[in-house]
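Undergrad: Dumping the structure here so I can ask a few things about it.
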Amino acid sequence: MGRGARTDVFEIFRQEKDGDPMRHAGNVVAPDVELATHYAREMYSRRNESVRLWIVPRGQITDLSDPDLLQPPLDRSFKKPGGYVMRDKLEVAKRRAATEKGTDVD
Amino acid sequence: MSTELRRPTRQVLEPDLPRFDRRDLEPNARDALAGLLLTMADDEFVIGFWDSEWTGIAPMLEEDVAFSSIAQDEIGHARLFYEMLAQLTGDGADRLAFGREADEYRHAMLVDHARSDWAFSIARRWLYETADAVRLEALKESTFTPLREVVAKVRREERYHLMHIDAWLRGLAEAGEEPRARLVEALSRLAPDAPSVFTPLAGEELLVEAGILAAPMAQLAGRWSSAAAETLAKLRLPAPPVEPPTAEGRDHRPPSDAFAWLWGEFTSVARLEEGVEW
Numbered sequence: 028m029g030r031g032a033r034t035d036v037f038e039i040f041r042q043e044k045d046g047d048p049m050r051h052a053g054n055v056v057a058p059d060v061e062l063a064t065h066y067a068r069e070m071y072s073r074r075n076e077s078v079r080l081w082i083v084p085r086g087q088i089t090d091l092s093d094p095d096l097l098q099p100p101l102d103r104s105f106k107k108p109g110g111y112v113m114r115d116k117l118e119v120a121k122r123r124a125a126t127e128k129g130t131d132v133d
Numbered sequence: 099m100s101t102e103l104r105r106p107t108r109q110v111l112e113p114d115l116p117r118f119d120r121r122d123l124e125p126n127a128r129d130a131l132a133g134l135l136l137t138m139a140d141d142e143f144v145i146g147f148w149d150s151e152w153t154g155i156a157p158m159l160e161e162d163v164a165f166s167s168i169a170q171d172e173i174g175h176a177r178l179f180y181e182m183l184a185q186l187t188g189d190g191a192d193r194l195a196f197g198r199e200a201d202e203y204r205h206a207m208l209v210d211h212a213r214s215d216w217a218f219s220i221a222r223r224w225l226y227e228t229a230d231a232v233r234l235e236a237l238k239e240s241t242f243t244p245l246r247e248v249v250a251k252v253r254r255e256e257r258y259h260l261m262h263i264d265a266w267l268r269g270l271a272e273a274g275e276e277p278r279a280r281l282v283e284a285l286s287r288l289a290p291d292a293p294s295v296f297t298p299l300a301g302e303e304l305l306v307e308a309g310i311l312a313a314p315m316a317q318l319a320g321r322w323s324s325a326a327a328e329t330l331a332k333l334r335l336p337a338p339p340v341e342p343p344t345a346e347g348r349d350h351r352p353p354s355d356a357f358a359w360l361w362g363e364f365t366s367v368a369r370l371e372e373g374v375e376w
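This is the structure we're talking about:
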């Protein structure tokens, strides 16, 4: 667009095939949502690579990147399953399940 | 050149054009249909080449991709119509596209102008797309099945071409000042040539009679100009002419300087070695 023309950034999400999640594909610059829609299809489905696109004005996105909210400073390791060793318990459970199954068949 | 290198590199995965038997058509209707297909193919081919001149220099990157891609779509439509014509007459699509002299092309006067500025290209594409839409609509129920099938596919693409160019026409019209002034100037320059898309065809009454084409060209011109006038009036833009198209709307003997130059460009590679298969 010429001098002084207003343009916005639109974030584009695409679905590759029916049932897939919408994934962020990239963005386009356009003067309005109508042309953004055209540019999105040219950039992200010109070769039939999408079955659906979402065209979202960047200004409409609520951005959250606050480390206090996303990366709390205190130890949260108790919220992760990594502290538990499951291997031995799983072995026992599998053996028991196999035995019970054998019993049922008899 | 070895025969290995002469083998065509183009691989058609799924042919878009259904096979047909040209003997299914009565010879006079066949000639008239050949005339119609040639004009449609030439229109799409020529505007496709003019608009692809914007590749790399459009006003913004996204539009550069979109405009070039649409131009390529038009050349793709031309390919379909040339192939159908080739099947109809026993000619070759590549020869039709690249093997004719400049004065043998039958594109409308509307697409005979050089690219000029952005507003001019927008104005022209808008005039052409809206006219082409009326012409395609008149073929959507064609009794000639291969044409009906191809037109159905082409119309699905032309739908978003129209949406895209409509958005640009409105954008420039509502921007005021220089963009609007340039658009108004371009529309005034192009308007007299706009009805040339509907130049009467030799034997078109046979096509209408056979149900291949829904209505004569003059009638389609009327449909187009009233629909176009409505959109343009809303944007306070100059109305297209209401005069019916003249018989010379597709006559390029001799070709204009602008088209002679474009012809030299688009045939330059094909002329490197005559008869080679690409």
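If you read the protein sequences in the order shown, they are chains U and Z. The first sequence begins at 28 in this note's numbering and counts up one residue at a time. The second sequence begins at 99 in this note's numbering and counts up one residue at a time. Ideal placement from N, C-alpha and C gives every residue a C-beta, glycine not left out.
(1) Once you ignore the five residues that flank F242/Z on each side, which residues in its own chain have a CB closer than 6 Å to its CB?
(2) Taking the Cβ atom as the reference point for each residue, do E69/U and A265/Z lie within a distance shorter than 8 Å?
(3) Taking the alpha-carbon of A345/Z as reference, which of T297/Z, R198/Z, K332/Z and Y226/Z has the nearest alpha-carbon?
(4) In three-state DSSP terms, what is W152/Z?
(5) Please name the residue, chosen from S354/Z, L123/Z, D141/Z and E283/Z, that lies closest to A217/Z on a Cα-to-Cα basis.
(6) Whole alpha helix (DSSP H) runs in the stretch 196-248 of chain Z with 4 or more residues, listed along the chain?
(7) Thinking C-beta only, is A132/Z closer than 8 Å to L194/Z?
(8) Can you give the Cα-Cα distance for R120/Z and A130/Z, rounded to whole angstroms?
(9) May I have the straight-line CA-CA distance separating F357/Z from H211/Z, to the nearest angstrom?
(10) Return yes when the Cβ of A326/Z is within less than 8 Å of the Cβ of T228/Z, no when it is not.
(11) Using a threshold of 8 Å, state whether the C-beta atoms of P353/Z and W361/Z are closer than that.
(12) As a quick exercise: from A176/Z, A313/Z and P338/Z, pick the residue whose alpha carbon is nearest that of S294/Z.
(13) Rounded to a whole number of angstroms, what is the C-alpha to C-alpha distance between D355/Z and E202/Z?
(14) Rounded to whole angstroms, what is the Cα-Cα separation between E38/U and A156/Z?
(15) Taking just the CA atoms, how far does Q42/U sit from D215/Z?
(16) Should E202/Z be flagged as near chain U, meaning a C-beta pair shorter than 8 Å?
(17) Is there a Cβ from chain Z that is less than 8 Å from the Cβ of V56/U?
(18) Please identify the residue among D189/Z, E372/Z, L299/Z and R204/Z whose C-alpha is closest to the C-alpha of E142/Z.
(19) Is the CB of V252/Z under 8 Å away from at least one CB in chain U?
(20) With a threshold of 8 Å between beta-carbons, can A52/U be considered close to chain Z, or not?
(21) To the nearest angstrom, how far is it from the Cα of A273/Z to the Cα of L101/U?
(22) My output table needs one value for Q98/U: the three-state DSSP class, helix, strand or coil.
(23) Between P314/Z and the rest of its own chain, which residues show a CB-CB distance below 8 Å, the 5 nearest in sequence each way excluded?
(24) How long is the line joining the alpha carbons of S240/Z and D122/Z, rounded to whole angstroms?
(25) Along the chain, where does the alpha helix (DSSP H) that runs through F179/Z open and close?
(26) Starting from Y258/Z, find everything on chain U with Cβ-Cβ shorter than 8 Å and list it in chain order.
(27) Shorter than 8 Å from the beta carbon of E61/U to some beta carbon of chain Z?
(28) Tell me whether S100/Z is buried or exposed, calling it buried when 16 or more other Cβ atoms sit within 10 Å of its Cβ.
(29) Quick one: residues in its chain with C-beta nearer than 8 Å to the C-beta of L260/Z, no 5 flanking neighbours on either side, listed in chain order?
(30) Taking the C-alpha atoms as reference points, what is the distance between R85/U and M158/Z?
(31) Please list, in chain order, the chain U residues whose beta carbon lies closer than 8 Å to that of H262/Z.
(32) Closer than 8 Å, CB to CB, is A331/Z near chain U or not?
(33) Going by DSSP, which residues form a beta bridge with G53/U?
(34) Please report the Cβ distance between L97/U and F40/U, rounded to the nearest whole angstrom; I am assuming they are in contact, meaning their Cβ atoms lie under 8 Å.
(35) Report the neighbours of R73/U on chain Z: residues whose CB is nearer than 7 Å to its CB, in chain order.
(36) Since V209/Z and W152/Z are thought to touch, with beta carbons under 8 Å apart, how far apart are those beta carbons, to the nearest angstrom?
TA: Taking the coordinates as given:
(1) Within the second sequence, numbered from 1, the residue matching residue 242/Z stands at position 144. The residues are I310.
(2) Translated into the one-based positions of the first sequence, residue 69/U becomes position 42. Translated into the one-based positions of the second sequence, residue 265/Z becomes position 167. By the CB criterion at 8 Å, E69/U and A265/Z fall outside the cutoff.
(3) Locating residue 345/Z in the second sequence gives position 247, counting from the first residue. Answer by Cα proximity: T297/Z.
(4) As a first step, residue 152/Z must be located in the second sequence, where it is residue number 54. Coil, per DSSP.
(5) Locating residue 217/Z in the second sequence gives position 119, counting from the first residue. Closest by alpha carbon: E283/Z.
(6) The DSSP assignment places complete alpha helix (DSSP H) segments of no fewer than 4 residues inside the stretch 196-248 of chain Z at 216-235, in order along the chain.
(7) For the purposes of this step, residue 194/Z is taken as residue 96 along the second sequence, with counting starting at 1. For the purposes of this step, residue 132/Z is taken as residue 34 along the second sequence, with counting starting at 1. Not in contact: L194/Z and A132/Z (Cβ atoms no closer than 8 Å).
(8) Position 22 of the second sequence, counted from the first residue, corresponds to residue 120/Z. Position 32 of the second sequence, counted from the first residue, corresponds to residue 130/Z. The C-alpha of R120/Z lies about 13 Å from the C-alpha of A130/Z.
(9) The residue you call residue 357/Z lines up with position 259 of the second sequence. The residue you call residue 211/Z lines up with position 113 of the second sequence. Cα to Cα, the separation comes out at about 7 Å.
(10) In the second sequence, counting from the first residue as 1, residue 228/Z sits at position 130. In the second sequence, counting from the first residue as 1, residue 326/Z sits at position 228. At the C-beta level, T228/Z and A326/Z come within 8 Å of one another.
(11) Here residue 353/Z refers to the residue found at position 255 of the second sequence. Here residue 361/Z refers to the residue found at position 263 of the second sequence. Contact: yes.
(12) Residue numbering aside, residue 294/Z sits at position 196 when the second sequence is read from its first letter. Taking only the C-alpha atoms, the option nearest S294/Z is P338/Z.
(13) Against the second sequence, residue 355/Z aligns to sequence position 257. Against the second sequence, residue 202/Z aligns to sequence position 104. Approximately 15 Å between the Cα atoms of the pair.
(14) Taking the first sequence and counting its residues from 1, one reaches residue 38/U at position 11. Taking the second sequence and counting its residues from 1, one reaches residue 156/Z at position 58. In a straight line, the C-alpha of E38/U is about 22 Å away from that of A156/Z.
(15) Working through the second sequence from its first residue, we reach residue 215/Z at position 117. Working through the first sequence from its first residue, we reach residue 42/U at position 15. For the pair D215/Z and Q42/U, the Cα-to-Cα distance works out to about 37 Å.
(16) The count along the second sequence starts at 1 and reaches residue 202/Z at position 104. Not one chain U Cβ lies under 8 Å of E202/Z.
(17) Position 29 of the first sequence, counted from the start, is the residue given in the question as residue 56/U. Closer than 8 Å to some Cβ of chain Z, the Cβ of V56/U qualifies, so yes.
(18) Looking up residue 142/Z in the second sequence gives position 44. Measuring from the Cα of E142/Z, the nearest candidate turns out to be R204/Z.
(19) Here residue 252/Z refers to the residue found at position 154 when the second sequence is read from its first residue. By this cut-off, V252/Z is not an interface position.
(20) One-based indexing of the first sequence puts residue 52/U at position 25. Closer than 8 Å: no.
(21) Sequence index remark: in the second sequence, residue 273/Z carries index 175 (1-based). Sequence index remark: in the first sequence, residue 101/U carries index 74 (1-based). If you take the alpha carbons of A273/Z and L101/U, they lie about 55 Å apart.
(22) Within the first sequence, the letter at position 71 stands for residue 98/U. DSSP places Q98/U in coil when its eight states are reduced to three.
(23) The residue given as residue 314/Z occupies position 216 in the second sequence. Cβ-Cβ distances below 8 Å link P314/Z to P298, E302, E303 and V306 in the same chain, with the five nearest sequence neighbours on each side left out; the list follows chain order.
(24) Sequence index remark: in the second sequence, residue 240/Z carries index 142 (1-based). Sequence index remark: in the second sequence, residue 122/Z carries index 24 (1-based). It is roughly 14 Å from the alpha-carbon of S240/Z to the alpha-carbon of D122/Z.
(25) Residue numbering aside, residue 179/Z sits at position 81 when the second sequence is read from its first letter. L159 to T187 is the extent of the alpha helix (DSSP H) around F179/Z.
(26) Here residue 258/Z corresponds to residue number 160 of the second sequence, with the count starting at 1. Within 8 Å Cβ-Cβ: H65 and R68.
(27) What you label residue 61/U is simply residue 34 of the first sequence in a count that begins at 1. Closer than 8 Å: yes.
(28) Within the second sequence, residue 100/Z is the residue found at index 2, counting from 1. Per-residue confidence for S100/Z stands at a pLDDT of 45, beneath the threshold of 50, marking its modelled position as unreliable; no derived number is given.
(29) The residue given as residue 260/Z occupies position 162 in the second sequence. These residues qualify, in order along the chain: E227, T228 and A231.
(30) The residue you call residue 85/U lines up with position 58 of the first sequence. The residue you call residue 158/Z lines up with position 60 of the second sequence. Between the alpha carbons of R85/U and M158/Z lies a distance of about 19 Å.
(31) As a working note, residue 262/Z is residue 164 in the second sequence. Within chain U, the residues near H262/Z are L62 and H65.
(32) Looking up residue 331/Z in the second sequence gives position 233. A331/Z does not count as touching chain U.
(33) Start at 1 with the first residue of the first sequence, and residue 53/U comes out as number 26. According to DSSP, G53/U bridges with I39/U.
(34) Along the first sequence, read from residue 1 onward, the residue named residue 97/U stands at position 70. Along the first sequence, read from residue 1 onward, the residue named residue 40/U stands at position 13. The pair is not a contact, with the Cβ atoms about 21 Å apart (cut-off 8 Å).
(35) Mapped onto the first sequence, residue 73/U falls at position 46. Those are S167, listed as they occur along chain Z.
(36) One-based indexing of the second sequence puts residue 209/Z at position 111. One-based indexing of the second sequence puts residue 152/Z at position 54. With 8 Å as the limit, V209/Z and W152/Z do not qualify as a contact, their Cβ atoms being about 15 Å apart.
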